[in-house]
Amino acid sequence: MTAHHLQGSLFDQADAPRLGPLDGLRRTTLGAGAWIDVLPGWLTGSDTLFEHLAVEVPWQAERRTMYDSVVDVPRLLAFYGADDDLPHPVLEEARRTLSAHYADELGEPFVTAGLCHYRDGRDSVAWHGDRIGRGARLDTMVAILSVGSPRDLLLRPAGGGETVRRPLGHGDLIVMGGSCQRTWEHCVPKSTRAAGPRISVQFRPRGVR
Ligand SMILES: O=C(O)CCC(=O)C(=O)O
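Here this note's numbering is used: the first residue of the sequence shown is 1, the next is one more, and so on.
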């Protein structure tokens, strides 16, 4: 191997996406049976994963029926079902690791991966809970790994109340658990500050959307 190649491979290794331990996860109780676990920087080399996903994932514009017409929701989406290969091996590892970590508490594995690409501060998602499916009735978990530029994820009680703000990007992990999907709502608001692109990867158990 030439010096040039050696340097190249060392550089690649340093930059390769890699998951750290989950020991640093910290739980915040939100109330009404909802909680979030947060671990900043779970994934190192996250810029490499961002670049890979931005190029390799077959992104689709989201269309949604609203007030009798179909409108574009400003962000790009991709969905990987239980039988689909995920678009990078580190995401398979993340899903396995999260499933093992939460096995006792969740009682089932994370299986699907929803990906959202917020191209700039104009892309966003409005207040909602993940209530298509079992999340509407039962406690569950949604684990989100964020890469690219940080954007704020906001959470608020569904009946109104104080908003919790978590900036997420660059390999950060958040897990929304307990009753979070039905007693709380979350959103990624538009940003008037210059915001770079962010990709969010949401792992969910079967039957939760
Ligand atoms: O971008 C995020 O991290 C949140 C995505 C989200 O709330 C959703 O797609 O249901």
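Positions of the beta carbon are idealized from the N, C-alpha and C atoms, including for glycine.
Secondary-structure assignment with DSSP links PHE50 through no beta bridge to anything. Cα atoms of VAL55 and CYS116: separation of roughly 13 Å, rounded to the nearest angstrom. Relative to ligand 1, SER191 has its C-beta separated by 7 Å or more from all heavy atoms.
Bridge pairing for ASP72: ARG63 [DSSP]. Look at ARG137 here: in three-state DSSP terms it is coil, with no helix or strand label. With contacts defined by Cβ atoms closer than 8 Å, ARG27 and ASP15 do not form a contacting pair. The segment 95 to 110 makes no contact with the segment 69 to 79: fewer than 3 CB pairs, one atom from each, lie closer than 8 Å. Boundaries of the alpha helix (DSSP H) around ASP104: 103 to 106. One thing to note: GLY178 has its Cβ within 8 Å of the Cβ of GLY33. Per the coordinates, the alpha-carbon of ARG151 lies some 9 Å from the alpha-carbon of LYS190. Across the set VAL188, ALA194 and ILE174, the C-alpha of ILE174 shows the shortest separation from the C-alpha of PHE203. Apart from the 5 residues on each side of it in sequence, LEU155 sits with its Cβ closer than 6 Å to the Cβ of VAL164, TRP184 and HIS186 in its chain, given in chain order. When the five nearest sequence neighbours on each side are left out, the beta carbons in the same chain lying within less than 8 Å of the beta carbon of THR48 are those of ASP15, ALA16 and PRO17, in order along the chain.
Here the alpha carbons of PRO205 and LEU138 stand approximately 12 Å from one another. Around the beta-carbon of ARG193, fewer than 16 other beta-carbon atoms lie within 10 Å, marking it exposed. At the C-beta level, TRP42 and LEU145 come within 8 Å of one another. Just so you know, the alpha carbons of ARG119 and ASP104 end up roughly 37 Å apart. Measuring C-alpha to C-alpha distances from VAL147 to each of LEU91, THR140, LEU22 and ASP84 identifies LEU91 as the nearest.
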